[in-house]
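Report on the structure given below.
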Amino acid sequence: MKYISTRGDQTERRFCEILLEGLAPDGGLYLPVAYPKVDDATLTRWRSLSYADLAFEILSLFIDDIPAADLKALVAKTYTKAVFGTEAIVPVRKLGDSGLLIEALSNGPTLAFKDMAMQLLGNLFEYELARRGEELNILGATSGDTGSAAEYAMRGKQGVRVFMLSPHGRMSPFQQAQMFSLQDANIHNIAVEGVFDDAQDIVKAVSNDLAFKRQYRIGTVNSINWARLLAQVVYYFAGYFQVTKTNTEQVSFTVPSGNFGNVCAGHVARMMGLPVKHLVVATNENDVLDEFFRTGTYRVRKGAETHETSSPSMDISKASNFERFVFDLLGRDGAHCKALFGAALDQKGAFTITAEEFARIAGFGFQSGKSTHADRLATIRATFERHATMIDTHTADGVKVAAERVEAGVPMIVLETALPAKFADTIREALGPMGGDAERPAALNGIEALPKRFTVMKPDTAAVKAFIEQHCQ
Ligand SMILES: *Cc1c(COP(=O)(O)O)cnc(C)c1O
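Counting from 1264, one number per residue, gives the positions in the sequence shown under our numbering.
Given below as structure tokens:
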């Protein structure tokens, strides 16, 4: 399988060439030249596979530059009960007779779905860097989920160091404990005296210093990485197999969305031939995507228009993976895609597709909806009262929107993207004394009391560079 850019550059690259990359050189995102199609016999064969074996089969269709035995070993060591808590890895549970089901993607080390892809990425990076005899220094800024998922994926890995900037004192005690309690020598937490944007600005400034970037082999693990998206395709198949008996049955998925990485993997699964009726994009108050699917206008929000919500991992001003879907929607016209995501967004911060293009969306199965703080509270409460199950705030956005879109005879699978223990304050606000405290996996009890390892710094790019230099000796 070869990969091309969404902005018209037809240079074909192989999987391991783009594994450690972010954007394509022309500013686009990588996609396979064509989606592999899965036939009925293959779906039937895949039904009985373990999660790791299913992952191997799917990844093999997209990766032809890692020997099969090596790839098999990498997925086998990634998707284990020890790391993800159950044999099923992504167990599906019913919400009573509501027609809704919940697929748990959040039983990994950081209790959020980003572990599903990041854990594989850690193993792929270590493998590929060893093969090349290279090292990589991952630099990132985080306000929570992505940073901790990256650190738990890369801890102890040969050839990889992580330098993760976070706003000092602004993460929840639980999130701080999760990240700062890591004692691995290759993980460096830098608490910047400022807000998230200060941390993000430093990462951008360091990355824009091309000489420094090259000398210190600075890389990232952001959500546009193709390998992350590919790893997520697997759980759409795994969820489908758990709720159906034959390949003639259709299901729909509702996906709590921010950067469109999760639901874009669902789009890839559907393009491969998985019988998915609808892919429902659920947003919170940051409704960039819901607006597009309702109106055909994609409008990037300004900083001041971006709301801080109680489902913070969906608080985005633009959806960085969205270009991948639009490329397919436009019939893979790279020049057209470049005009929209390059010139139009740069100049006007928005674009509108034509009525004819808008009409094509239905053929891709997409629908959307939006949820607010009040909806989250009501949904967490109703789900607890009716179904005796606690859901987190992001999953609640999904359940709220899914309930509006469920159709008779079509199971609606809501992707659970985090566990409630991560958002204890909002759970308490929703459930009051009846809920008690959101249950935590036993291994995480008391982590707030563990010794912490982090460095506090002024928001100063030069100081961060000096820190990286010093720790690359
Ligand atoms: C990252 C994240 C999301 C949003 O996923 P995207 O791939 O950015 O759409 C939703 N919920 C949780 C808990 C997350 O961490």
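Every residue gets a Cβ at the ideal spot worked out from N, C-alpha and C, and that includes glycine.
Taking 8 Å as the upper bound for CB-CB distance, Y1415 and D1472 are not in contact here, some 28 Å apart.
The closest CA to that of A1454, considering only Q1495, V1497 and G1407, is found on G1407.
Minimum Cα-Cα distance from V1563 among the listed residues R1557, S1573 and L1552 corresponds to L1552. Excluding its 5 nearest sequence neighbours in each direction, V1355 has C-beta neighbours in its own chain below 8 Å: L1364, I1365, E1366, A1367, G1502, Q1505, V1506 and I1676, listed in chain order. Taking a contact to require three or more Cβ pairs closer than 8 Å, the stretch 1555-1571 and the stretch 1512-1530 do not qualify as touching.
Nearest in C-alpha terms to T1560, of all of L1608, E1648 and R1491, is L1608.
Here the alpha carbon of T1635 sits roughly 43 Å from the alpha carbon of A1304.
Here the alpha carbon of E1732 sits roughly 33 Å from the alpha carbon of V1338. Its Cα nearest to that of A1404, the residue E1456 stands out among S1361, G1385, E1398 and E1456. By the CB criterion at 9 Å, E1548 and H1570 fall inside the cutoff. For the pair of segments examined, the stretch 1385-1395 was found not to touch the stretch 1715-1732: the number of CB pairs separated by less than 8 Å stays below three.
Residue environment: C1600 is assigned as buried (16 or more neighbouring CB atoms within 10 Å of its CB, all protein chains considered).
The C-beta of C1735 has fewer than 16 other C-beta atoms within 10 Å across all chains shown, which makes the residue exposed.
Q1630 sits in a strand when the DSSP states are folded into three classes. As a beta-bridge residue in DSSP terms, R1562 pairs with A1613. When the beta-carbon positions are compared, E1702 and M1653 come within less than 9 Å of each other. If you draw a straight line from the Cα of A1687 to the Cα of R1433, it comes to about 16 Å.
The three-state secondary structure of R1356, taken from DSSP, is strand.
Annotation for A1380: R1491, A1494 and Q1495 place their beta carbon closer than 7 Å to its own, counting only its chain and skipping 5 residues before and after. For K1340, the Cβ stays outside the 8 Å cut-off from all heavy atoms of ligand 1.
Per DSSP, reduced to three states, the secondary structure at G1709 is coil, with no helix or strand assignment. By the beta-carbon neighbour count (other beta carbons within 10 angstroms, threshold 16), E1619 is exposed. With fewer than 16 other beta carbons inside 10 angstroms of its own, L1713 counts as exposed.
In terms of Cβ geometry, G1385 and K1420 form a close pair [threshold 9 Å].
Checking the 8 Å criterion, the Cβ of G1628 is out of range of every heavy atom belonging to ligand 1. By the Cβ-count criterion, T1617 is exposed, with fewer than 16 other Cβ atoms from all chains shown falling within 10 Å of its own Cβ. The beta carbon of L1694 sits closer than 7 Å to those of I1643, R1644 and F1647, all from its chain and outside the five residues before and after it, given in chain order. The straight-line gap separating the alpha-carbon atoms of Q1610 and L1603 is approximately 10 Å. For ligand 1, no non-hydrogen atom lies closer than 8 Å to the CB of K1265. A residue is called buried when at least 16 other Cβ atoms come within 10 angstroms of its Cβ; G1271 meets this threshold and is buried. A direct Cα-Cα distance of roughly 33 Å separates I1624 from P1683. Distance check between A1287 and each of T1341, V1301 and W1489 places W1489 closest, using alpha-carbon atoms only. DSSP places I1321 in the helix class (H, G or I) of the three-state scheme.
Between G1348 and G1362, the C-beta spacing is not below 9 Å.
For V1469 against I1481, the beta-carbon gap comes to about 7 Å, under 8 Å, which counts as contact.
Beta-bridge pairing by DSSP links L1603 to no other residue.
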